[in-house]
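*Asks:*
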Amino acid sequence: MTRCIFHIDLDAFFVSVEQALVPELLSKPVIVGGRPDRRGVVASASYEARAFGVRAGMPLAKAYRLCPRAIFLQGSFPRYRNASARFMRILADFSPCLEPMGLDEAYLDVTGCELYGSARQLALNIKERVKRELNLVVSVGIAGCKVVAKIASDSGKPGGLVEVAPGQEKGFLAPLPVARLPGVGRKTEQALRVMGITGIGQLAALPPGLVKSRFGAAGMMIHHYANGVDNRRVEPPGEAKSISRETTFAQDTLDRRLLQATLRYLCERVGAELRQHSKQARSITLKLRYADFETITRRLSSKEATNADEVIFAIVARLLDQALARKQKLVRLLGVEALNLVGDGKQLYLLDSMSQRMEHLDKAVDRIRKKYGFTSIQTGRTLALKDIFASDKGDYMLETPSLSR
Ligand SMILES: [Mg+2]
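End of the sequence shown = 516 in the working numbering, gap-free, step of one.
1. Okay, do the stretch 368-383 and the stretch 323-339 touch, 3+ Cβ pairs below 8 Å being the bar?
2. Determine the direct distance from the alpha carbon of K438 to that of L303, and round the result to whole angstroms.
3. Could you give the residue range of the alpha helix (DSSP H) that holds F125?
4. Going by Cα to Cα distance, which pick from R150, G446, E415, L385 is closest to K474?
5. Between R197, A156, C224, which lies nearest to A217 when the distance is taken from Cα to Cα?
6. Measure from the alpha carbon of E379 to the alpha carbon of each residue in D403, V249, N418, then state which is nearest.
7. List the residues that DSSP assigns as beta-bridge partners of G310.
8. Any heavy atom of ligand 3 closer than 7 Å to the CB of L121?
9. I need the straight-line Cα distance from A131 to D215, nearest angstrom please.
10. When burial is assigned at 16 or more other CB atoms within 10 Å of the CB, is A162 buried or exposed?
11. Between Q362, K281, Q232, E346, which has its C-alpha nearest L314's C-alpha?
12. Who are the near neighbours of R114 in its chain, counting only those whose CB is closer than 6 Å to its CB and skipping five residues on each side?
13. Rounded to whole angstroms, what's the CA-CA distance from V408 to Y483? Just pull it up for me.
14. At a cut-off of 7 Å, is F117 close to ligand 1 when judged by its beta-carbon and the heavy atoms of the ligand?
15. Would you please state the rounded distance, in angstroms, between the beta carbons of R393 and V453? I believe it to be under 8 Å.
16. If contact is defined by three or more beta carbon pairs under 8 Å, each pair taking one atom from either stretch, is the stretch 119-134 in contact with the stretch 151-158?
17. What does DSSP give as the partner residue(s) for K323 in the beta ladder?
18. Which residues bound the alpha helix (DSSP H) around M199?
19. Does ligand 1 have even one heavy atom less than 7 Å from the beta-carbon of D363?
20. For K352, does the three-state DSSP call read helix, strand or coil?
21. Do three or more CB pairs link the stretch 158-175 to the stretch 288-304 at distances below 8 Å?
22. Any heavy atom of ligand 1 inside 7 Å of the beta-carbon of F198?
23. How is the beta strand (DSSP E) around L184 delimited, first residue to last?
24. Using only the alpha-carbon positions, how far apart do S389 and V248 sit?
25. Our contact map puts I311 next to L284 with C-beta atoms below 8 Å; I'd like the distance itself, whole angstroms only.
26. Looking at the structure shown, is D120 part of a helix, part of a strand, or coil, going by DSSP?
27. Need the endpoints of the beta strand (DSSP E) that E274 sits in, please.
28. Would the stretch 201-209 and the stretch 176-192 be scored as touching if the rule is three or more Cβ pairs under 8 Å?
29. Tell me the rounded alpha-carbon separation between V133 and L287.
30. In this structure, how does DSSP classify C115 when only helix, strand and coil are distinguished?
31. Does the beta-carbon of H118 have 16 or more other beta-carbons within 10 angstroms, so that it is buried, or is it exposed?
32. Considering only the alpha carbon of each residue, which of L441, S250, V289 lies closest to R367?
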């Protein structure tokens with residue numbers, strides 16, 4: 112069955128919430144992020160401010176130089192969180208298959224929701240309800256897969272409704288610049304430009320073998336996207352039975368430092384996702400594939416659940432030591448899986464002060480990473496990765512695309 116996926120994105124979210132509250136701010140250049148004489152960056156800018164070149168993530172001082180008559184607001188995170196929750200509740204009325212992406216975007220799989228008429232009519236109904244109940248404007252992209260739906264909603268901003276019919280995906284993407292594809296950061300864009308590739312259509316036409324040899328598995332993912340192919344499902348949060356990350360080394364290795372650092376990185380990715388979903392794991396699995404493709408898994412289960420990076424790492428590091436003590440073979444792949452998940456409010460034991468400190472530390476790290484990218488802050492144990500892997504858009508580009516999420 113052809114899927115029908117919506118990408119729904121609130122326009123200039125923070126600013127629009129402020130404008131909905133104070134109508135005098137409408138149609139004016141408004142910037143949420145703080146006072147322009149303070150350090151800090153633009154969190155959100157109205158389209159009137161964007162016309163002056165102001166962009167999210169830009170230092171406030173620069174935004175002030177570009178648009179001195181803009182109205183600068185401190186903003187209120189609780190207000191945005193509240194608006195976001197109401198937004199998501201509206202979307203959930205249209206389909207249970209809802210995957211929120213941060214506060215102001217979501218994917219909605221409406222395959223088979225003919226009850227509401229055409230996909231287009233359904234999208235109009237969503238726009239109308241969000242406008243009526245929240246006084247906010249959304250852009251909607253409609254397509255058969257996530258990546259095209261996302262780019263479609265971007266193309267229609269602000270206030271857009273862009274539908275890409277089945278079979279039209281490649282033609283829709285072709286004229287757009289490669290940077291519009293998720294996963295194409297500045298480095299990849301630059302590398303493609305050197306090859307004479309600037310448009311998605313050009314990228315799509317490259318032989319897959321060339322893309323793979325030049326950009327690895329992450330490049331293959333981008334190549335699929337460029338061709339309008341994306342099999343990722345819309346996954347409602349909490350549906351996950353387990354959370355895992357794994358990576359294949361560029362070269363088979365027995366280098367302890369590299370193995371440990373990679374393992375630590377995988378643990379941090381798994382831990383971050385557990386905490387993001389407010390989950391803890393009762394079982395942790397180490398997956399190890401040797402150069403000859405023999406694959407082993409080692410699991411440790413406990414009645415005490417955890418989502419602390421340090422604890423997860425301590426478990427898999429020990430399992431790795433045990434496995435390597437038994438067999439001295441080159442390692443091809445390492446993976447970490449957290450399973451037997453429980454909600455993190457339901458702990459059966461009292462946190463001692465040590466694990467409480469670790470929890471605070473992990474949460475602080477999560478906040479920094481959310482703001483500045485995953486590699487903006489690193490523990491000593493992953494620093495070894497810096498020399499080995501290139502970083503793009505704030506994440507390491509490892510061989511497995513799932514790692515770059
Ligand atoms: Mg948005």
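Even for Gly, the Cβ is constructed at its ideal location relative to N, Cα and C.
Values in this document were obtained by computation on a predicted structure and should not be read as measured data.
*Replies:* Quick look at the numbers:
1. Between the stretch 368-383 and the stretch 323-339, the count of C-beta pairs closer than 8 Å stays below three; the two stretches do not touch.
2. Stepping through the sequence shown from its first residue, residue 303 is reached at position 192. Stepping through the sequence shown from its first residue, residue 438 is reached at position 327. Roughly 42 Å between the two C-alpha positions.
3. In the sequence shown, counting from the first residue as 1, residue 125 sits at position 14. It spans 124-132 - the alpha helix (DSSP H) in which F125 sits, taken as one unbroken run.
4. Along the sequence shown, read from residue 1 onward, the residue named residue 474 stands at position 363. Checking every option, the nearest Cα to that of K474 belongs to L385.
5. Along the sequence shown, one-based indexing puts residue 217 at 106. For the residues R197, A156, C224, the minimum Cα distance to A217 belongs to R197.
6. Residue mapping note: residue 379 aligns to position 268 of the sequence shown, counting from 1. E379 has its Cα closest to that of N418, out of D403, V249, N418.
7. Taking the sequence shown and counting its residues from 1, one reaches residue 310 at position 199. In the DSSP output, where bridge partners are listed per residue, G310 has P288.
8. Within the structure as shown, ligand 3 is missing, the only ligands being ligand 1.
9. For this step, residue 131 is matched to residue 20 along the sequence shown. For this step, residue 215 is matched to residue 104 along the sequence shown. Rounded to whole angstroms, the gap between the alpha carbons of A131 and D215 is 15 Å.
10. What you label residue 162 is simply residue 51 of the sequence shown in a count that begins at 1. A162 should be labelled exposed.
11. In the sequence shown, the residue the question calls residue 314 occupies position 203. Checked all of Q362, K281, Q232, E346; the closest Cα to L314 is K281.
12. Translated into the one-based positions of the sequence shown, residue 114 becomes position 3. Here the set comprises T222, G255.
13. For the purposes of this step, residue 408 is identified with residue 297 of the sequence shown, where counting begins at 1. For the purposes of this step, residue 483 is identified with residue 372 of the sequence shown, where counting begins at 1. In the sequence as presented, Val is not what sits at residue 408; that position holds Thr. In this model, T408 and Y483 are separated by some 34 Å (Cα to Cα).
14. In the sequence shown, counting from the first residue as 1, residue 117 sits at position 6. No, Cβ of F117 sits at least 7 Å from all heavy atoms of ligand 1.
15. The count along the sequence shown starts at 1 and reaches residue 393 at position 282. The count along the sequence shown starts at 1 and reaches residue 453 at position 342. Taking a contact as a CB-CB distance under 8 Å, the pair R393 and V453 counts as one, their CB atoms being some 6 Å apart.
16. The stretch 151-158, when compared against the stretch 119-134, does touch it at the 8 Å Cβ threshold.
17. Your numbering for residue 323 matches position 212 in the sequence shown. Beta bridge pairing from DSSP links K323 with no other residue.
18. Locating residue 199 in the sequence shown gives position 88, where the first residue counts as 1. 188-203 is the extent of the alpha helix (DSSP H) around M199.
19. Residue numbering aside, residue 363 sits at position 252 when the sequence shown is read from its first letter. Relative to ligand 1, even the nearest heavy atom lies 7 Å or more away from the CB of D363.
20. Counting from one through the sequence shown, the residue named residue 352 turns up at place 241. Coil, per DSSP.
21. At 8 Å Cβ cutoff, the stretches do not touch.
22. Here residue 198 refers to the residue found at position 87 of the sequence shown. Annotation for F198 indicates a beta carbon at 7 Å or more from all heavy atoms of ligand 1.
23. Looking up residue 184 in the sequence shown gives position 73. Here the beta strand (DSSP E) through L184 covers 182-184.
24. Residue numbering aside, residue 389 sits at position 278 when the sequence shown is read from its first letter. Residue numbering aside, residue 248 sits at position 137 when the sequence shown is read from its first letter. As the crow flies, the alpha-carbon of S389 is around 30 Å from that of V248.
25. Sequence index remark: in the sequence shown, residue 311 carries index 200 (1-based). Sequence index remark: in the sequence shown, residue 284 carries index 173 (1-based). Contact annotation, I311 with L284: C-beta distance approximately 4 Å; criterion of less than 8 Å satisfied.
26. Locating residue 120 in the sequence shown gives position 9, counting from the first residue. The three-state secondary structure of D120, taken from DSSP, is strand.
27. The sequence position of residue 274 within the sequence shown is 163, counting from 1. Element bounds for E274: 272-274.
28. The stretch 201-209 is not in contact with the stretch 176-192.
29. Here residue 133 refers to the residue found at position 22 when the sequence shown is read from its first residue. Here residue 287 refers to the residue found at position 176 when the sequence shown is read from its first residue. Cα atoms of V133 and L287: separation of roughly 36 Å, rounded to the nearest angstrom.
30. In the sequence shown, the residue the question calls residue 115 occupies position 4. Of the three classes helix, strand and coil, the one that applies to C115 here is coil, per DSSP.
31. Residue 118 sits at position 7 when you count from the first residue of the sequence shown. It is buried - the Cβ of H118 has at least 16 other Cβ atoms within 10 Å.
32. Walking along the sequence shown from the start, residue 367 turns up at place 256. Check the Cα spacing between R367 and each of L441, S250, V289: the tightest is with L441.
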